[in-house]
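Residue numbers for the sequence shown follow my numbering, so the first one is 100 and each next one is one higher. Ideal Cβ placement from N, Cα and C applies to all residues, glycine included. A quick write-up on the structure given underneath.
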Amino acid sequence: MSDQKDNVSYVNQAVEDLFNEAKECRVKEIRKELKVQVKNLMDRRAVAAKVLANIDREVLELKITVAQELE
């Protein structure tokens, strides 16, 4: 009977260890995926900042042109 309890305990511990290992692997995968997504968002943010800077420059140029034409 004691051997059976030991076997059950061993199997339960092995299952728990495997579950914890799988969970750690999944956490690592999720972190990798998040790092890639954050990098992509930062790249897109940089592009958006450049686009906004170009729009601001074009608006300023238009304001100058309109002011010159109104003189």
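Continuous alpha helix (DSSP H) stretch holding residue i: start and end
{"i": "Glu132", "result": "101–169"}
Residue i at chain D interface by Cβ criterion, 8 Å
{"i": "Leu169", "result": "Absent here is chain D; the protein component of the structure consists of one chain."}
For residue j and residue i, the rounded distance between their alpha carbons
{"i": "Lys134", "j": "Asn111", "result": "35 Å"}
{"i": "Ala147", "j": "Val114", "result": "49 Å"}
{"i": "Leu117", "j": "Met141", "result": "36 Å"}
{"i": "Leu161", "j": "Ala145", "result": "24 Å"}
{"i": "Glu168", "j": "Leu159", "result": "14 Å"}
{"i": "Ala152", "j": "Arg130", "result": "33 Å"}
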